[in-house]
Amino acid sequence: NQSFQTLSGSVDLLAIAMVTDQVYQDYLWYPNWAPCTKRLWNSWRGRTRVICFWVFMIVGVALTAHFVFKTGTDPGDIFWDDNRIGGMTEIARSLLAGCIVFTDLFTVLQDWSFPMFVETVSVEVPVKIAGTYAETFHCNCLGVLWRKIPTVTPAFVSDFIRKHTPNPDFFALSLNGKWLTYGPLLGVMLIDLFCARSQMMYSPENYGQYAHPVDGRIYVITDGVYLAEAYDKVGTLLKPVWITYGARWNTTTGLPTSDSTLTDVRLNSRFVGSPVKYLGLVLALIFIAIFGMLLKLANVKLHRGLTKDRLETPAEEVPAEVEPEGGSSPTPGTGVPPEVKWGPSDRASDGAGTGVGAVAGGALCPWLPWRTLPRF
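Numbering-wise (our numbering), the sequence shown opens with residue 223 and increments by one.
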């Protein structure tokens, strides 16, 4: 519908703005590319890039919503009668959607720190989040809420939560500019997948349309009275025979069977009804699988590197904890009294950090938050 179309356009604009902002902040990988534009973009202590980002987004989203909701509302408002452009079948449209998914993933793949997304230590001026002056995004709202739950529940419930759930710090979310930059592309990719899905499920008779038996050109029935008799109020087709080329045109002479047929609109698009239309979705899923494999391999490589460094680094002696006066002895190495110990995460952190965003960029297997690093 119109809201979904507006959302799609807005997410596309957001992805364009965030990627552009990241490129013009780069002084490490391509310092000699567009130096004048970079200086202008980052001038005025970064205010220029922030102002340009928000002006672009506000104006872009407003124009997108205006054109989607305010155009094409009247009959004949938008009418495409140029047959030299278009004419694609549902197969071509499905493949096009698959190619768009590929371009979304390829945009992320072209990043200079792909696939680990780990900033090098030589970066003196880290890339900031588009539209802000911050380098990372931190949020621990869920952790704060989770920490308060044991204080308002019975003792046995509190003990169970502390023993069998992760530490509240596990829910702390920390994202760097890279993930926030490419985050909108994930939304765009999902929208493109929905587009491919709509092409696979498309059938003309479900939309008051029918296809020519020879060239496959699609005709749209505009007679409201005719459509009201062929469909019920929720759009279910009651008389399939009425929504066919033979019911609207004489298949021998090619003449219309009624005055209602003269109001039908012939589109440039075509429908062939071939199962090849599923190829676009298959390709899109293959692209996503390959992308996921690259991220997984990079995660394993980084995982092994950190484990190797940890094995080669001699363990430091931890000084004994001094028992506080009038209080219970803290758990060694944690400084947390036994009665408030959160079981799984205290067994697991091993200095690697826990949480949804413990390592911004997706390293250290965030889906296994409280396991120790395996020994390769």
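Beta carbons are placed, not taken as given, at the ideal position from N, Cα and C, and that holds for glycine.
All values reported here derive from a predicted model rather than from experimental measurement.
Quiz item: Would you report the Cα separation of Leu-262 and Gly-268, rounded to the nearest angstrom?
Solution: Numbered from 1 along the sequence shown, position 40 holds the residue referred to as residue 262. Numbered from 1 along the sequence shown, position 46 holds the residue referred to as residue 268. Near 9 Å, if we compare the C-alpha coordinates of Gly-268 and Leu-262.
Exercise. Reducing DSSP to helix, strand and coil, say where Ala-433 ends up.
Key: Here the question's residue 433 lines up with position 211 in the sequence shown. Looking at Ala-433 - three-state DSSP - the assignment turns out to be strand.
Exercise. For Thr-479, collect the residues of the same chain with a Cβ closer than 8 Å to its Cβ; drop the 5 residues on either side in sequence, then sort them by chain order.
Key: Position 257 of the sequence shown holds residue 479. Ala-469, Arg-470, Trp-471 and Asn-472, listed in sequence order.
Quiz item: What's the call for Thr-576, buried or exposed, on a 16-neighbour Cβ count within 10 Å?
Solution: What you label residue 576 is simply residue 354 of the sequence shown in a count that begins at 1. Reliability of the predicted coordinates at Thr-576 is poor, the pLDDT of 37 falling under 50, and the value obtained from them is presented with this limitation in mind. Buried, since its Cβ has 16 or more Cβ neighbours within 10 Å.
Quiz item: Taking Cβ to Cβ, would you say Pro-426 is nearer than 7 Å to Phe-493?
Solution: Residue mapping note: residue 426 aligns to position 204 of the sequence shown, counting from 1. Residue mapping note: residue 493 aligns to position 271 of the sequence shown, counting from 1. Yes, these two residues count as a Cβ contact at 7 Å.
Quiz item: For the 8 Å Cβ check, are there 3 or more pairs between the stretch 354 to 367 and the stretch 242 to 258?
Solution: no
Quiz item: Can you give, in chain order, each stretch of the beta strand (DSSP E) that sits fully within the stretch 350 to 398 and has at least 3 residues?
Solution: 358 to 361 and 395 to 398
Quiz prompt | Straight-line gap, Asn-428 to Ile-465 (C-alpha atoms, nearest Å) | solution = If you number the sequence shown from 1, residue 428 lands on position 206. If you number the sequence shown from 1, residue 465 lands on position 243. For Asn-428 and Ile-465, the distance between alpha carbons rounds to 9 Å.
Exercise. Report yes or no: do the stretch 493 to 510 and the stretch 320 to 334 share at least 3 C-beta pairs separated by less than 8 Å?
Key: yes
Exercise. Rank Tyr-404, Gly-309, Arg-384 and Phe-393 by C-alpha distance to the C-alpha of Asp-243 and give the top, closest one.
Key: The sequence position of residue 243 within the sequence shown is 21, counting from 1. Closest by alpha carbon: Tyr-404.
Self-check item: Identity of the residue in Phe-382, Asp-437 and Gln-431 nearest Tyr-448 by Cα
Solution: As a first step, residue 448 must be located in the sequence shown, where it is residue number 226. Taking only the C-alpha atoms, the option nearest Tyr-448 is Gln-431.
Practice problem: Measuring alpha carbon to alpha carbon, tell me which of Met-279, Gln-247, Lys-260 and Gln-227 ends up nearest Ala-239. | Solution: The sequence position of residue 239 within the sequence shown is 17, counting from 1. Measuring from the Cα of Ala-239, the nearest candidate turns out to be Met-279.
Practice problem: Would you give the residue range spanned by the beta strand (DSSP E) that Arg-439 belongs to? | Solution: For this step, residue 439 is matched to residue 217 along the sequence shown. Arg-439 -> beta strand (DSSP E) spans 439 to 442.
Quiz prompt | Nearest residue (CA-CA) to Ile-383, options Trp-368, Ser-265, Pro-348 and Ser-396 | solution = Along the sequence shown, read from residue 1 onward, the residue named residue 383 stands at position 161. That would be Trp-368, whose Cα lies nearest to the Cα of Ile-383.
Quiz item: What do you get for Glu-561, buried or exposed, if any count of 16 or more other CB atoms within 10 angstroms of its CB means buried?
Solution: As a first step, residue 561 is located in the sequence shown; it is residue number 339 there, counting from the start. Only weak support is given to the placement of Glu-561: the predicted model assigns it a pLDDT of 44, under 50, and the value that follows is read from those uncertain coordinates. Classification of Glu-561: exposed, given that the 10 Å Cβ count is below 16.
Quiz item: Under three-state DSSP, which class holds Ser-420?
Solution: Here residue 420 refers to the residue found at position 198 when the sequence shown is read from its first residue. Note: Ser-420 maps to helix in three-state DSSP.
Quiz prompt | Closest Cα partner of Leu-327 within the set Val-410, Gln-421, Leu-459 and Leu-477 | solution = As a working note, residue 327 is residue 105 in the sequence shown. Comparing Cα-Cα distances from Leu-327 to each of Val-410, Gln-421, Leu-459 and Leu-477, the minimum goes to Val-410.
Quiz item: Is the CB-CB distance between Gln-227 and Val-290 below 7 Å?
Solution: The sequence position of residue 227 within the sequence shown is 5, counting from 1. The sequence position of residue 290 within the sequence shown is 68, counting from 1. Yes. Within cutoff.
Quiz item: Can you tell me whether Ile-307 is buried or exposed, with buried defined as 16 or more other CB within 10 angstroms of its CB?
Solution: Position 85 of the sequence shown holds residue 307. By the neighbour-count rule (16 or more Cβ atoms within 10 Å), Ile-307 is not buried but exposed.
Self-check item: Selected residue, minimal CA-CA separation from Ala-394, among Leu-408, Gly-514 and Gly-365
Solution: Taking the sequence shown and counting its residues from 1, the one referred to as residue 394 is at position 172. Here the closest residue by C-alpha is Gly-365.
Quiz item: Can you tell which of Pro-337, Cys-274, Gln-224 and Val-272 has its C-alpha closest to the C-alpha of His-288?
Solution: Here residue 288 refers to the residue found at position 66 when the sequence shown is read from its first residue. Of Pro-337, Cys-274, Gln-224 and Val-272, the residue nearest in Cα terms is Gln-224.
Exercise. Consult DSSP for Arg-526 and reduce its assignment to one of helix, strand or coil.
Key: Taking the sequence shown and counting its residues from 1, the one referred to as residue 526 is at position 304. Of the three classes helix, strand and coil, the one that applies to Arg-526 here is helix, per DSSP.
Exercise. Just the C-alpha distance for Ile-273 and Gly-353, rounded to the nearest angstrom, thanks.
Key: As a working note, residue 273 is residue 51 in the sequence shown. As a working note, residue 353 is residue 131 in the sequence shown. Taking the straight line joining both Cα atoms gives about 7 Å.
Exercise. State the Cα-Cα distance for the pair Lys-370 and Ser-396, rounded to the nearest angstrom.
Key: Reading the sequence shown from its first residue, position 148 is the one you call residue 370. Reading the sequence shown from its first residue, position 174 is the one you call residue 396. If you take the alpha carbons of Lys-370 and Ser-396, they lie about 21 Å apart.
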